[in-house]
Structures are given as C-alpha cells and as structure tokens.
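**Q** Reminder that position 28 of the sequence shown reads as 36 in the numbering used here, one-by-one numbering, no gaps.
Here a beta-carbon is modelled for each residue, glycine too, at the ideal position from N, C-alpha and C.
Keep in mind it's a predicted model, so treat the numbers as computed, not measured.
First the structure, then my questions, so here it is.
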Amino acid sequence: MIFKQQFILTKRLIVVPENCTSIPVRDYELVYHDTLSFNKISFGKTSIYLLGDVFDYRNPKFTNADILNGFVDISSKEELFKHLDPYCGAYILIYDDGSDFIILNDCSGQREIFYDVDFSQMGAQVGLLENLEEVDYSAHLYYGTALFNKKRLYIGETTPNPNVKHLRPNHYLDILNKEVIRFFPRDDNFREDLETLAHTGATMLKGFIEAIGHRFSLVIPLTGGMDSRMLFVASLDMDATYYISQHESDKDDYYDLVVAQQVADVYDKPLHIIKDGKTSCTFLEEPQGLDFPRDVSFPTIAIGKAVINGNVSEVARNHFKYHKPVTGKKLALLNGFEDNSFVISQYDEWITTNKSIIKNKGFHLLDFFYWEENMMNWASKGKTETRALDVFMFSPFNSRGLLKLLLATDRNKRDTANNVVHAKILNVLSEHNKELKKIPLNPDFERKRARVLWKLGLFKAFDAIRMELRLLKRKLR
C-alpha cells in the first residue's frame with residue numbers, strides 16, 4: 009500500500025516491488041508503482057519522462073501524453089522551465105538531452121523528491137531510498153524533540169537523516185554535477201491590472217478544473233472560505249460531488265456549515281455533510297515511520313476520485329503578513345515552531361541565501377518563503393499520504409503561471425483581510441451573482457476583527473505589535 013503512486017530513480021540494485029515497473033534511464037533504474045501515471049517522449053538526443061499528472065487549462069481534454077507531445081520543440085532545460093509555467097498538476101519530470109540530466113517536480117513540490125547526498129538515488133519517500141546508514145537522531149535539536157514528534161514535519165531541505173535531502177520548489181537536481189540549482193524566478197515580476205488579472209485567473213481556474221474533471225470524478229470540499237467558494241463556482245459546469253466535514257466539536261449551527269450550505273443553495277447543489285467517523289478507515293495497521301506518520305483518513309465518497317482544494321493559493325495571500333525585518337525567529341514563531349534553535353537557523357539560512365535574488369526580481373520574500381517552505385513541507389506531505397489511500401488531491405492553484413499572475417499585484421490587494429484579487433476573480437466566475445455576494449466569508453471573530461482593523465487602517469500596526477509581544481513573551485520565559 010505504501011508504494012502506491014510512488015517512484016524511485018536509483019543506481020543501487022534493488023528488488024522491484026510487486027505491482028511496480030522498472031525501466032533504465034542512463035545508468036539509473038526508474039522504478040514506479042503501476043498506479044502512477046507514466047509517459048515518455050524521445051526526439052533527437054532528448055528524452056523526457058513524466059510521472060504523475062499535468063493539466064492544460066487551454067486544452068482541457070488533453071491527456072498527459074497529449075501534453076508531453078507538445079514538448080517536442082524544446083531544445084534546452086531553460087526552454088523546459090518556461091514551457092511548464094502555464095500548466096498545473098502534481099508531477100515529476102526527468103529531462104535528458106545528452107548533455108543535461110535533471111529531475112524536478114511541479115510548481116510547489118506536491119510530488120515530493122527526496123535524494124541522498126551522493127545523488128545515487130531519488131524517490132518519493134525517504135523510506136524508499138535503499139541502504140541508508142542508520143542514524144540516531146534522538147539528540148537532534150529539532151528531530152529529537154517532542155516538537156517534531158508532535159508535528160512530524162521536515163524543516164527546509166533537511167530530514168532526520170543528514171544523508172537525505174528534500175528538493176525545494178523552484179529548484180532542480182543536476183544529477184551529473186550533483187548540484188541543487190534554483191531556476192525560478194527567472195524574469196522580473198510584472199504588474200497586471202486587476203480586471204485583466206481577474207478574467208485570466210478565472211479562465212485558468214475553470215479550465216484546470218475542467219481538465220481534471222475529464223480524467224477523474226471530482227469531489228470538492230466547500231467551506232466558509234474564499235478559496236473553496238471560488239473552486240465551487242468554477243466547477244459548476246462539471247459533474248462534481250460537494251461536501252463539508254462536521255467534526256465532533258462542530259454544532260449544527262457552526263458558521264462553516266451554515267455558510268457552506270447557503271453557498272450550495274444559491275446554485276441548487278446538494279451538499280454532503282460528513283460527520284466524524286464516516287471515513288475511509290484507518291490508514292495503515294502498523295506505523296510506517298516518518299513517511300506516513302499520521303492516522304490519515306478521508307471521506308468514503310472521495311476514494312478513487314480527485315479532491316479539488318485551494319492549497320497553494322496561500323502563496324499569494326500574504327500568509328506571513330507584513331513583518332519587517334524578516335527573521336528566522338519570527339518565521340519560526342509564525343509557523344508554530346516556537347523558539348527552536350534548529351528551525352530558526354534553517355530559516356535564517358534560507359533568508360540569507362535568497363533575499364537578494366527574490367527582491368531583485370520584484371517578488372516579496374515572505375511570499376516565496378511560504379511557497380518554498382510551507383508548500384513543500386506541509387501541503388506536499390498530506391498529498392503523499394492521501395495518494396496511498398487511493399485519493400487523488402489536486403489544486404488548480406498549483407501552476408507557476410497562475411501564481412505569477414496572482415503575485416503580479418500589490419500585496420495590499422491580496423491580503424486575507426482584504427482580498428480584492430480573489431473577490432474580483434469570484435465575481436467573474438459567478439457572473440456577479442448578487443445572492444452569492446450577500447453570503448459572508450468566514451464570519452468568525454478573528455477574521456471579522458481583521459477586516460474591521462483593515463478598514464480602520466490599523467491592521468498592520470496591530471499585527472506588528474502582536475508579533476513584538478509574542479517575541480517578548482518568549483524572551484522572558
């Protein structure tokens with residue numbers, strides 16, 4: 009079960025697991041589970057291998073093979089990077105043109121790549137890498153603590169095994185030269201007027217959902233938030249199942265349940281309310297180490313289908329607000345890692361390495377930190393786990409082209425407390441539906457307060473003061 013949807017590219021001699029296929033790639037063996045979509049194209053001296061799914065909003069009926077056939081004019085890895093921008097999906101690409109031999113993943117690393125430090129093997133899980141030296145990390149400043157045992161999340165490109173690293177989004181592995189190389193951002197960030205952005209963004213979201221719907225049966229969670237509302241409206245032309253989870257602590261009048269039902273009623277769509285317990289069963293009978301650390305479960309209605317969610321949109325939603333200066337200590341606090349020295353040092357190292365690169369291209373450091381840290385070590389982990397449950401989870405926002413578009417406006421216009429960008433996209437998708445506009449977004453106290461403070465022009469000051477108080481509190485401990 010744990011090999012479902014997984015792969016390994018290795019120089020080591022391995023026993024090919026049951027229900028897996030093995031093919032040679034240079035002096036490596038590519039082994040992948042038969043549940044993982046695989047396609048290959050060769051032209052001239054070039055071969056491109058695709059593991060996973062790519063979707064084209066411009067051609068929603070295109071298959072993975074159709075899309076890969078559009079790569080035949082690519083003459084360099086640089087052209088490959090540009091060519092990938094308009095697509096979304098969850099995939100691994102291996103590119104070999106006789107000179108360059110590289111491996112990379114989708115926009116935000118939702119298909120994970122772990123690799124050993126001598127570049128002899130790369131795989132979807134740490135546990136798939138063969139013959140690793142046993143490491144005792146019980147004394148590690150993070151991986152040996154109760155904090156890690158609680159969160160079970162990696163930090164940066166590290167794992168508990170110092171011989172295994174985790175590939176960040178916007179980077180690729182140069183296998184021949186044994187290097188990790190950043191390939192994005194390439195060009196300067198641009199600015200787009202809101203009307204053009206809204207119409208283009210709506211077209212992309214709707215097209216991506218249609219493309220996913222041509223290959224999978226769709227299941228879409230609906231909540232009281234903006235992202236799920238956008239995806240709900242963008243999917244109305246498709247045959248989709250909509251649901252919301254009701255946890256044991258949620259009363260029937262819980263705002264998320266009430267608001268989601270109101271949204272569904274506007275379009276006369278049935279909404280399934282899934283109570284705790286009505287899930288797909290326990291994930292694995294016995295613990296499987298760090299690759300699958302949690303008791304994962306999913307609504308039965310999602311099994312064998314594609315769940316569409318709003319992950320990755322957070323990259324362009326100012327999740328880390330406006331804190332200045334950006335420090336590892338602040339980011340560790342915001343990410344829930346308190347004052348752990350290892351986490352802080354890793355975050356500080358990322359800031360030092362990337363600050364000037366990102367700023368010089370006109371992007372914001374905090375947006376890229378969420379993209380390259382949280383997406384890689386939080387969102388991708390959940391995707392890997394659910395695939396083994398035979399649940400396919402995709403985000404239409406997982407497109408570098410769409411993220412570039414959403415980031416091409418002032419941060420003040422895409423804040424969670426005042427998201428003008430998402431509101432305009434929703435208006436385009438809903439054709440300015442007046443009933444929908446009347447339904448509140450996440451009417452909980454925290455968000456209501458944020459909106460009031462924003463209207464009063466006090467939101468940034470309030471958030472900055474709160475951060476300083478949190479830092480002071482920890483200093484006084």
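Given 8 angstroms as the limit, is there contact between the segment 441-454 and the segment 352-359, that is, 3 or more CB pairs closer than that?
**A** no
**Q** Given that a residue counts as buried once 16 or more other Cβ atoms are within 10 Å of its Cβ, and exposed if not, what is Gly52?
**A** exposed
**Q** If you drop the 5 nearest sequence neighbours on each side, which residues of the same chain put their C-beta closer than 7 angstroms to that of Lys277?
**A** Tyr250
**Q** Would you mind reading off the limits of the alpha helix (DSSP H) that contains Phe377?
**A** 373-377
**Q** Buried or exposed: which applies to Leu184, given that a residue is buried once 16 or more other Cβ atoms fall within 10 Å of its Cβ?
**A** exposed
**Q** Considering Ile217, what are the terminal residues of the alpha helix (DSSP H) in which it resides?
**A** 202-221
**Q** Figure out for me which residue from Gly106, Thr54, Asn67, Leu466 has the closest Cα to the Cα of Asp81.
**A** Thr54
**Q** How many angstroms separate the CA atom of Ser288 from the CA atom of Ser321?
**A** In this prediction, Ser288 has a pLDDT of 45, which is less than 50 and means its spatial position is unreliable; nothing more can be read from the coordinates.
**Q** How would you label Ser257, buried or exposed, when you count the other beta carbons within 10 angstroms and need 16 or more for buried?
**A** exposed
**Q** Could you tell me which residues DSSP pairs with Phe400 in its beta bridges?
**A** Ala314.
**Q** With a 10 Å radius around its C-beta and 16 neighbouring C-beta atoms as the bar for buried, classify His174 as buried or exposed.
**A** buried
**Q** With a threshold of 6 angstroms on Cβ separation, who are the neighbours of Arg119 within its own chain once the five nearest residues in sequence on each side are excluded?
**A** Gly60, Ala98, Tyr99, Ile100, Asn113
**Q** From which residue to which residue does the alpha helix (DSSP H) around Leu342 run?
**A** Element bounds for Leu342: 336-342.
**Q** Taking the alpha-carbon of Val241 as reference, which of Lys332, Ala469, Arg34, Leu444 has the nearest alpha-carbon?
**A** Leu444
**Q** Pick out whichever of Leu411, Trp386, Leu477, Arg457 has its Cα sitting closest to the Cα of Lys159.
**A** Trp386
**Q** Do you know how far the Cα of Gly233 is from the Cα of Leu479?
**A** 30 angstroms
**Q** Does DSSP classify Phe11 as helix, strand or coil?
**A** In the structure shown, Phe11 adopts coil according to DSSP, grouped into three states.
**Q** Between Lys337 and Asp423, what straight-line distance do the alpha-carbon atoms span, to the nearest angstrom?
**A** 22 angstroms
**Q** Just verifying my parser: in three-state terms, what is the DSSP assignment at Met246?
**A** Coil at Met246, not helix or strand.
**Q** Fully enclosed by the segment 63-141, which alpha helix (DSSP H) runs are 4 residues long or longer?
**A** Counting only runs of 4 or more, we get 72-77, 85-92.
**Q** Checking the sheet assignment: what are the DSSP bridge partners for Lys48?
**A** Paired residues: Tyr57.
**Q** Kindly list the residues whose CB is nearer than 6 angstroms to the CB of Val143, restricted to its own chain and excluding five residues on each side of it in sequence; keep chain order.
**A** Asn169
**Q** Closer than 6 angstroms by C-beta to His327: which residues in its own chain qualify, once you throw out the five before and the five after it? Chain order, please.
**A** Tyr378
**Q** Using beta-carbon positions only, say whether Cys96 and Asn441 come within less than 7 angstroms of one another.
**A** no
**Q** Quick one, which of Val436, Arg482, Ala425 has its alpha-carbon nearest Lys468's?
**A** Ala425
**Q** Report the partner residues of His280 according to the DSSP bridge assignment.
**A** Tyr251
**Q** Under three-state DSSP, which class holds His430?
**A** helix
**Q** Please confirm whether Ser116 and Met401 have their CB atoms less than 7 angstroms apart.
**A** no
**Q** Just to confirm before moving on: does the CB-CB distance between Leu149 and Phe350 stay below 7 angstroms?
**A** Judged by beta-carbon spacing, Phe350 lies within the 7 angstroms limit of Leu149, meaning their Cβ atoms are closer than that value.
**Q** Distance, Cα to Cα, Pro94 vs Ser388?
**A** 20 angstroms
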